[in-house]
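With the first letter of the sequence shown counted as 1, position 20 gets the number 20 in UniProt numbering; the numbers rise by one all the way through.
Ideal placement from N, C-alpha and C gives every residue a C-beta, glycine not left out.
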Amino acid sequence: MGNCCSRGSEGDASNEEKGEGTQQQGGSSAGGDGSKIAPPSPGPPQASPKPSKNAPIGPVLGRPMEDVKSTYSIGKELGRGQFGVTHLCTHKSTGEQFACKTIAKRKLVNKEDLEDVRREVQIMHHLTGQPNIVELKGAFEDKHSVHLVMELCAGGELFDRIIAKGHYTERAAASLLRTIVQIVHTCHSMGVIHRDLKPENFLLLSKDESAPLKATDFGLSVFYKPGEQFKDIVGSAYYIAPEVLKRKYGPEADIWSIGVMLYILLCGVPPFWAESEHGIFNAILRGHIDFTSDPWPSISPPAKDLVRKMLNSDPKQRLTASQVLMHPWIQEDGEAPDIPLDNAVLGRLKQFKAMNKFKKVALRVIAGCLSEEEIMGLKEMFKGMDTDNSGTITLEELKQGLAKQGTKLSEVEVKQLMEAADADGNGTIDYDEFITATMHMNRMDREEHLYTAFQHFDKDNSGFSYLVTLYDSDTNNCNVVSLALLLS
Numbered sequence: 001m002g003n004c005c006s007r008g009s010e011g012d013a014s015n016e017e018k019g020e021g022t023q024q025q026g027g028s029s030a031g032g033d034g035s036k037i038a039p040p041s042p043g044p045p046q047a048s049p050k051p052s053k054n055a056p057i058g059p060v061l062g063r064p065m066e067d068v069k070s071t072y073s074i075g076k077e078l079g080r081g082q083f084g085v086t087h088l089c090t091h092k093s094t095g096e097q098f099a100c101k102t103i104a105k106r107k108l109v110n111k112e113d114l115e116d117v118r119r120e121v122q123i124m125h126h127l128t129g130q131p132n133i134v135e136l137k138g139a140f141e142d143k144h145s146v147h148l149v150m151e152l153c154a155g156g157e158l159f160d161r162i163i164a165k166g167h168y169t170e171r172a173a174a175s176l177l178r179t180i181v182q183i184v185h186t187c188h189s190m191g192v193i194h195r196d197l198k199p200e201n202f203l204l205l206s207k208d209e210s211a212p213l214k215a216t217d218f219g220l221s222v223f224y225k226p227g228e229q230f231k232d233i234v235g236s237a238y239y240i241a242p243e244v245l246k247r248k249y250g251p252e253a254d255i256w257s258i259g260v261m262l263y264i265l266l267c268g269v270p271p272f273w274a275e276s277e278h279g280i281f282n283a284i285l286r287g288h289i290d291f292t293s294d295p296w297p298s299i300s301p302p303a304k305d306l307v308r309k310m311l312n313s314d315p316k317q318r319l320t321a322s323q324v325l326m327h328p329w330i331q332e333d334g335e336a337p338d339i340p341l342d343n344a345v346l347g348r349l350k351q352f353k354a355m356n357k358f359k360k361v362a363l364r365v366i367a368g369c370l371s372e373e374e375i376m377g378l379k380e381m382f383k384g385m386d387t388d389n390s391g392t393i394t395l396e397e398l399k400q401g402l403a404k405q406g407t408k409l410s411e412v413e414v415k416q417l418m419e420a421a422d423a424d425g426n427g428t429i430d431y432d433e434f435i436t437a438t439m440h441m442n443r444m445d446r447e448e449h450l451y452t453a454f455q456h457f458d459k460d461n462s463g464f465s466y467l468v469t470l471y472d473s474d475t476n477n478c479n480v481v482s483l484a485l486l487l488s
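Now the structure itself:
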């Protein structure tokens with residue numbers, strides 16, 4: 001499940017005119033636990049080395065434009081998100097390696113988008129030097145893109161460390177959660193709400209056993225003041241707090257997201273699950289948490305107590321970050337037992353981590369095996385939108401094409417559709433991306449297509465696929481029904 005983003009007016013009524021882009025300016029700000037902090041300077045972010053004084057001023061960062069490749073060699077892709085693609089990069093003089101997140105400027109279609117990128121850079125500069133937060137080394141802007149050069153975290157995601165060890169205890173989960181909550185406590189005390197906390201956004205600095213965990217991806221983060229409320233729905237579906245869906249929330253939403261992560265750490269599955277994003281949101285609003293299914297009967301009472309208090313549907317009754325850190329279960333040498341959890345938990349963690357990756361690849365396989373008859377209408381639709389016959393569809397072409405077909409979507413909705421379909425993050429939709437996205441939207445889950453996707457992963461013709469077996473771990477059986485559910 002990727003990020004969802006339904007933009008409304010942000011902040012409280014007094015901030016609606018300009019939105020959240022003004023929240024870091026003027027006055028004083030405070031953390032979620034009441035500690036006063038000084039706001040960051042509203043001036044443009046800095047990058048190193050200094051660009052030429054004769055270079056034109058970039059419209060996004062407000063400083064002279066500079067080619068990131070003049071300082072860094074860009075290497076392999078490391079990952080991609082809704083708003084950018086991250087590559088390995090190497091400093092040409094020192095040989096030091098970093099991560100470079102590239103955001104295509106053609107995706108920044110309005111003032112709000114520009115403010116989002118500026119704010120991400122400002123927040124990362126504001127948090128620089130804090131422990132367990134990825135450090136921004138420099139921000140560059142050229143004619144086509146904005147590039148954020150950051151500390152490289154080469155040790156993998158949060159779940160990778162757990163899975164690699166092969167054994168897992170509540171005490172290990174408490175240790176990981178303690179680091180995560182300390183990070184969020186730091187953010188809140190410095191007047192920042194992350195708004196997209198999930199396991200994928202916590203990376204290990206290196207493969208070393210003692211490598212620290214680092215928080216990353218502040219693309220949806222905002223500065224806030226005490227009592228300030230936000231209205232835009234952002235985040236990743238499983239981790240979104242109920243008050244976010246109700247469009248009235250503050251830093252408490254981050255605690256809910258960590259509570260979801262704790263639930264997953266203890267049992268391997270999310271607390272709110274459904275076959276669609278809409279279904280997940282309904283489950284979140286209902287707020288029923290399962291503590292009866294395995295392995296919950298064997299989980300310690302203090303762990304369940306902390307989960308309940310972090311997943312309290314009333315944000316006013318939910319624990320703050322400092323209160324979570326004082327809970328007896330999470331404290332070092334606290335009440336978390338050092339007894340191995342059921343092995344099924346590790347299997348479910350593997351399944352949950354693999355699910356999204358499998359889903360994307362399987363959809364691509366299905367798109368590649370459809371017959372011409374099946375996709376003829378989609379092919380003609382693509383040609384009709386590709387007005388310059390470039391082989392790709394731009395945002396403007398998509399907007400005009402949808403309008404010609406009588407589809408009434410707002411500019412924000414068209415942009416969201418573009419971002420969802422643009423799998424490689426280059427700012428345009430190619431033919432394969434168009435077919436895949438359209439096919440997914442129409443839920444083309446005929447058995448032969450699902451079976452072809454299954455065969456793509458079943459390399460040894462055993463009848464079992466690792467990822468699908470993980471998905472249906474109770475039966476350890478791969479069948480069309482479970483694959484269809486995965487692709488729904």
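TODO: Please report the residue range of the alpha helix (DSSP H) in which R195 lies.
DONE: Taken as a continuous stretch (DSSP letters only), R195 belongs to no alpha helix (DSSP H), as it is neither H nor E.
- [ ] Please classify L349: does DSSP put it in a helix, a strand, or coil?
- [x] Looking at L349 - three-state DSSP - the assignment turns out to be helix.
- [ ] With a cut-off of 8 Å on the beta carbons, I'd call R318 and I233 a contact; round off their distance for me.
- [x] The Cβ separation is near 19 Å, so there is no contact.
Open item on the list: So, for E200: in the same chain, excluding its five sequence neighbours on each side, which residues have a beta-carbon less than 7 Å away from its beta-carbon?
Closed with: E157
TODO: Pull up the CB-CB distance for Y263 and V307, whole angstroms please, since I reckon it's below 8 Å.
DONE: 6 Å
TODO: Compute the beta-carbon to beta-carbon distance between H147 and L136, rounded to the nearest angstrom, for a pair I have assumed lies under 8 Å.
DONE: In fact, because the Cβ distance is near 11 Å, the residues do not count as touching under 8 Å.
Open item on the list: Which residue marks the beginning of the beta strand (DSSP E) containing L233, and which one marks its end?
Closed with: The question names Leu, but residue 233 in the sequence shown is Ile. It spans I233 to S236 - the beta strand (DSSP E) in which I233 sits, taken as one unbroken run.
TODO: Answer yes or no: do H194 and A321 have a C-beta to C-beta separation smaller than 8 Å?
DONE: no
Open item on the list: With DSSP as the reference, identify every bridge partner of S145, one or two as the case may be.
Closed with: Beta-bridge partners of S145 (DSSP): A104.
Open item on the list: Using 8 Å as the threshold, is the C-beta distance between I393 and F352 below it?
Closed with: No. Outside cutoff.
TODO: Please confirm whether any heavy atom of the ligand SAH lies closer than 7 Å to the CB of F218.
DONE: Within the structure as shown, the ligand SAH is missing, as the structure has no ligands at all.
TODO: Could you tell me whether the region 138 to 147 touches the region 167 to 180, using the rule of 3 or more Cβ pairs below 8 Å?
DONE: no
TODO: Look up L262 in the DSSP assignment and say whether it is helix, strand or coil.
DONE: helix
Open item on the list: Rounding to the nearest angstrom, what Cα-Cα distance links S236 and V192 in this structure?
Closed with: 18 Å
Task: Selection from E380, G347 and G384 that minimises the alpha carbon distance to I162 - done: Of the residues E380, G347 and G384, the one whose Cα lies closest to the Cα of I162 is G347.
- [ ] For the alpha helix (DSSP H) holding E277, just list the boundary residues, first then last.
- [x] Residues E277 to R286.
- [ ] Name, in chain order, the residues that DSSP records as bridge partners for I429.
- [x] Its beta-bridge partners are I393.
Task: Cβ pair count under 8 Å reaching 3, the region 128 to 135 against the region 210 to 220 - done: yes
TODO: Inspect the CB distances between the region 380 to 388 and the region 72 to 86 and report whether three or more fall short of 8 Å.
DONE: no
- [ ] Just mark N110 as buried or exposed, buried being the case when its beta carbon has 16 or more other beta carbons within 10 Å.
- [x] Its Cβ having fewer than 16 others within 10 Å, N110 is exposed.
Open item on the list: Could you give the first and the last residue of the continuous beta strand (DSSP E) run that contains S322?
Closed with: Counting along the chain, S322 falls outside any beta strand (DSSP E), though it belongs to the alpha helix (DSSP H) covering A321 to L325.
- [ ] Label T86 either buried or exposed according to how many other C-beta atoms from any shown protein chain fall within 10 Å of its C-beta, with 16 as the threshold for buried.
- [x] buried
Open item on the list: Short of 8 Å in beta carbon distance, which residues of its chain neighbour H144, apart from the five on each side in sequence? Order them along the chain.
Closed with: A104, K105 and R106
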